[in-house]
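>
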Amino acid sequence: MLKPLGDRVVLKAEQAEEKTVGGIVLANNAKDKPTTGTVVAVGEGRYLDNGQKVAPAVKEGDHVLFDKYAGNEVEYNGEKYLVVREKDLVAIVD
Amino acid sequence: MLKPLGDRVVLKAEQAEEKTVGGIVLANNAKDKPTTGTVVAVGEGRYLDNGQKVAPAVKEGDHVLFDKYAGNEVEYNGEKYLVVREKDLVAIVD
Amino acid sequence: MLKPLGDRVVLKAEQAEEKTVGGIVLANNAKDKPTTGTVVAVGEGRYLDNGQKVAPAVKEGDHVLFDKYAGNEVEYNGEKYLVVREKDLVAIVD
Amino acid sequence: MLKPLGDRVVLKAEQAEEKTVGGIVLANNAKDKPTTGTVVAVGEGRYLDNGQKVAPAVKEGDHVLFDKYAGNEVEYNGEKYLVVREKDLVAIVD
Amino acid sequence: MLKPLGDRVVLKAEQAEEKTVGGIVLANNAKDKPTTGTVVAVGEGRYLDNGQKVAPAVKEGDHVLFDKYAGNEVEYNGEKYLVVREKDLVAIVD
Amino acid sequence: MLKPLGDRVVLKAEQAEEKTVGGIVLANNAKDKPTTGTVVAVGEGRYLDNGQKVAPAVKEGDHVLFDKYAGNEVEYNGEKYLVVREKDLVAIVD
Amino acid sequence: MLKPLGDRVVLKAEQAEEKTVGGIVLANNAKDKPTTGTVVAVGEGRYLDNGQKVAPAVKEGDHVLFDKYAGNEVEYNGEKYLVVREKDLVAIVD
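Chains as they are written, first to last, in my numbering: chain A, 4 to 97; chain B, 4 to 97; chain C, 4 to 97; chain D, 4 to 97; chain E, 4 to 97; chain F, 4 to 97; chain G, 4 to 97.
#1: Decide if B:Val-43 is buried, meaning its Cβ has at least 16 other Cβ atoms within 10 Å, or exposed.
#2: For F:Gly-64, count neighbouring Cβ atoms within 10 angstroms of its own Cβ and tell me buried if that reaches 16, exposed if not.
#3: Please specify which runs of the beta strand (DSSP E), each continuous and at least 3 residues long, are wholly inside the stretch 50-91 of chain B, giving them in chain order.
#4: With DSSP as the reference, label A:Pro-7 as helix, strand or coil.
#5: Leaving out five residues on either side along the sequence, give the residues of the same chain with a beta carbon under 7 Å from the beta carbon of C:Lys-15.
#6: Three or more beta-carbon pairs under 8 Å between the stretch 47-56 of chain A and the stretch 45-54 of chain E, yes or no?
#7: Given that a residue counts as buried once 16 or more other Cβ atoms are within 10 Å of its Cβ, and exposed if not, what is D:Glu-89?
#8: Give a yes or no on whether 7 Å exceeds the smallest Cβ distance from D:Gly-54 to chain C.
#9: Tell me whether G:Asn-75 is buried or exposed, calling it buried when 16 or more other Cβ atoms sit within 10 Å of its Cβ.
#10: Can you confirm whether C:Lys-62, when its beta carbon is compared against all beta carbons of chain B, has any partner nearer than 7 Å?
#11: Which of the three DSSP states is assigned to A:Val-48 in this structure?
#12: Since B:Val-93 sits in a beta bridge, which residues does DSSP pair it with?
#13: In or out: F:Gly-81 buried (at least 16 other Cβ within 10 Å) or exposed?
#14: Excluding five sequence neighbours on each side, which residues of the same chain lie with their C-beta closer than 7 Å to the C-beta of A:Glu-17?
#15: Using a Cβ cut-off of 9 Å, pull out every chain A residue sitting near E:Asp-70, in sequence order please.
#16: So which residues on chain E does A:Glu-47 lean against when the C-beta distance must stay under 7 Å?
#17: Is D:Ala-94 closer than 7 Å to F:Val-45 when the C-beta atoms are compared?
#18: Using only CA atoms, which one of C:Leu-92, C:Leu-8 and C:Val-57 lies nearest to C:Tyr-72?
#19: If you draw a straight line from the C-alpha of F:Val-61 to the C-alpha of G:Tyr-79, how long is it?
#20: Against E:Pro-37, what residues of chain A qualify as contacts under a CB-to-CB distance less than 8 Å, listed in chain order?
#21: Cα separation between E:Gly-9 and A:Val-57?
#22: Return the bridge partner residues of B:Val-43 from the DSSP annotation.
#23: To the nearest angstrom, report how far apart G:His-66 and A:Pro-59 are at their CA atoms.
#24: Would you verify that the beta carbon of G:Leu-92 is, or is not, closer than 7 Å to some beta carbon of chain E?
#25: How would you list, in chain order, the residues of chain D whose beta-carbon sits under 7 Å from the beta-carbon of C:Val-57?
#26: Of all the options B:Pro-37, B:Val-13 and B:Arg-11, which has the alpha carbon lying nearest to the alpha carbon of B:Lys-69?
#27: What are the residues in the stretch 4-17 of chain F lying within 9 Å of chain D by C-beta distance?
#28: Give me, in chain order, the residues of the same chain whose beta-carbon lies closer than 7 Å to that of G:Val-13; leave out the 5 immediate sequence neighbours on both sides.
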């Protein structure tokens, strides 16, 4: 099991969508467009200066958008994951 | 549904206004001129160091000016949205 | 109406003064010389880390000096305004 | 009247002293040498994160040394002033 | 014994995994891919601004992923160790 | 009198020591080597975010080492002084 | 005596170890490898924003590893010392 530290979250990134124009597959490389993934594990959170610990506002199974330049790619049991800070999560997609 | 995280806000950006001079359409590319949009969803807010959570000072339906270099472009259900931090919202337009 | 967010202030900038030397109008482009304007609207303020909200120390109608490189230019109802952060207001001119 | 905002102070800068060597006037342009001025007006101060407002530690009439690269030059009623942040005041000269 | 200071942690880094393609050993040099190690010693922690000391959230024997560009390489009793800040630990691997 | 502001300290810098090799005087320009001086005046201190004022930990007459790139050179009554921030004082030499 | 200020510590650095390969002495210049020294004097500490003073977590006589790019080299009574901030001390070596 991967247990992320601090305000980190482990994600299973989704395949980037591809668009086809007349059968030609185009890579989606728009600048600043976040990528989607599913939350696999959530860290215990970060500390505020008053001593309060703030857990990330997402939970296992959440489908999220995250900043595509964020995080560390990790390989675990033959599968690839991404570990990102909570601040790099943009939105939950229901 | 897109549920923005932290102090983020989801916006539906408006078409940039165009100006015509003698029938010629001119792109509006003034430096530092904010762009307008409508608030579609509002995050729960950010934490102050005393543990207090501060929600963004806008609500769904608000028409806002935002810093044009801010935010992440997002595509959801075939529509484009912009997710920006509250600090990049400049003003509400009534 | 334009309702500035956070510690922002909406200003109606004044025409930069021009100086003439022998009838020739010279643009005033002194480095770091602030520009003047009139306060049109004031945001609700920013939060301190103790949770206190601090409103900008100016009010509608105040004549102010502001840092000329600050702010976002905004067009509203055919008039141009400037939205600046309180920290970029230098002084009130009575 | 010029009423400086925040922790700013309005100064009337003094003429930079000149040195003569054999009758030749030399501009004083030593790097990092502060310049002197007289305090004309003092802002209300800045906020600490505990909500306390801290006024600048100088008063009208004080003769001060200030960092020569600091501040905004201002023209008011035909006279030139300098508006500087308290942090750029180096010392009071008695 | 090596006793790390502040929020530092002493790690025994593991050999980077190698992949073979047709018998050829390939160095694993993926950008931003964290490296693994075992926690050997843990510092007493860092201070929050409220005076509270926060110990690192790992303990001796934990198997961790860490940011590969972090830390100081140390040689002690003929063995190599890595000393990293807690913030550069990405996740615990069970 | 020079009364330093905030956490500043006025120093009378000492002559940099010179070394002679075979009678040739060599300027001492070692990188990052602090310089020595005597404390002439001490500011009232800086504010912590809890409102407490912290005075510099040196007193008049102290012989100190300071970071050689720090401070503002000041001329007062025909003598040269250096005004430095407390943080640039390295040690007291007894 | 050298009395370090704030969170500084005075160290007596040890000779960098040298390695010999076939009798040839090789300088040890590994990037980011900390250097060792003995603590000679410890400052009173730094202030947290709650007014608490935090002393460095080392004491006279401690054998420490420190970041090799840190600190100011000081000469005192004909001996060379290094003055470093506590944050640049990496570990205590027992």
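Just so it is clear, CB atoms sit at the ideal spot from N, CA and C, and this is done for glycine as well. No experiment lies behind these values; they were computed from the predicted model shown.
By the coordinates alone:
#1: Stepping through the second sequence from its first residue, residue 43 of chain B is reached at position 40. Its Cβ being crowded by 16 or more others within 10 Å, B:Val-43 is buried.
#2: The residue you call residue 64 of chain F lines up with position 61 of the sixth sequence. Its Cβ having fewer than 16 others within 10 Å, F:Gly-64 is exposed.
#3: Assignment of beta strand (DSSP E) within the stretch 50-91 of chain B, counting only whole runs of 3 or more residues, yields 66-69, 75-79 and 82-88 in chain order.
#4: By 1-based counting over the first sequence, the position of residue 7 of chain A is 4. Residue state, collapsed to three classes: strand.
#5: Position 12 of the third sequence holds residue 15 of chain C. Excluding sequence neighbours, C:Lys-15 sits near Gly-40, Thr-41, Val-43 and Tyr-84.
#6: yes
#7: Translated into positions along the fourth sequence, residue 89 of chain D becomes position 86. Its Cβ being crowded by 16 or more others within 10 Å, D:Glu-89 is buried.
#8: Within the fourth sequence, the letter at position 51 stands for residue 54 of chain D. Chain C contact via Cβ: present.
#9: Counted from its first residue, the seventh sequence places residue 75 of chain G at position 72. Burial call: buried.
#10: In the third sequence, counting from the first residue as 1, residue 62 of chain C sits at position 59. No, no contact with chain B.
#11: Here residue 48 of chain A corresponds to residue number 45 of the first sequence, with the count starting at 1. Correcting the residue identity first, residue 48 of chain A is Gly in this sequence and not Val. If DSSP states are grouped into helix, strand and coil, A:Gly-48 belongs with coil.
#12: By 1-based counting over the second sequence, the position of residue 93 of chain B is 90. None; B:Val-93 has no bridge partner.
#13: For this step, residue 81 of chain F is matched to residue 78 along the sixth sequence. Result: exposed.
#14: Locating residue 17 of chain A in the first sequence gives position 14, where the first residue counts as 1. Thr-39 and Gly-40, listed in sequence order.
#15: For the purposes of this step, residue 70 of chain E is identified with residue 67 of the fifth sequence, where counting begins at 1. Within chain A, the residues placing a beta-carbon under 9 Å from that of E:Asp-70 are Asn-75, ordered along the chain.
#16: As a working mapping, residue 47 of chain A is identified with position 44 in the first sequence. By Cβ distance, chain E contributes Ala-60.
#17: Here the question's residue 45 of chain F lines up with position 42 in the sixth sequence. Here the question's residue 94 of chain D lines up with position 91 in the fourth sequence. The answer is no: Cβ separation not under 7 Å.
#18: Numbered from 1 along the third sequence, position 69 holds the residue referred to as residue 72 of chain C. It is C:Leu-92 whose Cα lies nearest to the Cα of C:Tyr-72.
#19: Within the sixth sequence, the letter at position 58 stands for residue 61 of chain F. Within the seventh sequence, the letter at position 76 stands for residue 79 of chain G. So the alpha carbons of these two residues sit roughly 19 Å apart.
#20: Here residue 37 of chain E refers to the residue found at position 34 when the fifth sequence is read from its first residue. Chain A residues near E:Pro-37: Asn-75, Val-77 and Val-86.
#21: On the fifth sequence, residue 9 of chain E is found 6 positions in, with the first residue counted as 1. On the first sequence, residue 57 of chain A is found 54 positions in, with the first residue counted as 1. Their backbone Cα atoms lie some 22 Å apart in a straight line.
#22: Start at 1 with the first residue of the second sequence, and residue 43 of chain B comes out as number 40. Looking at the DSSP assignment, B:Val-43 forms no beta bridge with any residue, so it has no partner.
#23: Against the seventh sequence, residue 66 of chain G aligns to sequence position 63. Against the first sequence, residue 59 of chain A aligns to sequence position 56. For G:His-66 and A:Pro-59, the distance between alpha carbons rounds to 40 Å.
#24: Locating residue 92 of chain G in the seventh sequence gives position 89, where the first residue counts as 1. For G:Leu-92, the answer is yes, since a Cβ of chain E falls inside 7 Å of its Cβ.
#25: The residue labelled residue 57 of chain C in the question sits at position 54 within the third sequence. Against C:Val-57, the close residues of chain D are Tyr-50, in the order they occur along the chain (beta-carbon pairs closer than 7 Å).
#26: Locating residue 69 of chain B in the second sequence gives position 66, where the first residue counts as 1. The residue asked about is misnamed: residue 69 of chain B is Phe in this sequence, not Lys. Closest option to B:Phe-69, Cα to Cα, is B:Pro-37.
#27: Met-4, Leu-5, Lys-6, Pro-7, Leu-8, Gly-9, Arg-11 and Val-13
#28: The residue given as residue 13 of chain G occupies position 10 in the seventh sequence. Result list for G:Val-13: Leu-5, Pro-7, Val-43, Ala-44, Tyr-84 and Val-86, in chain order.
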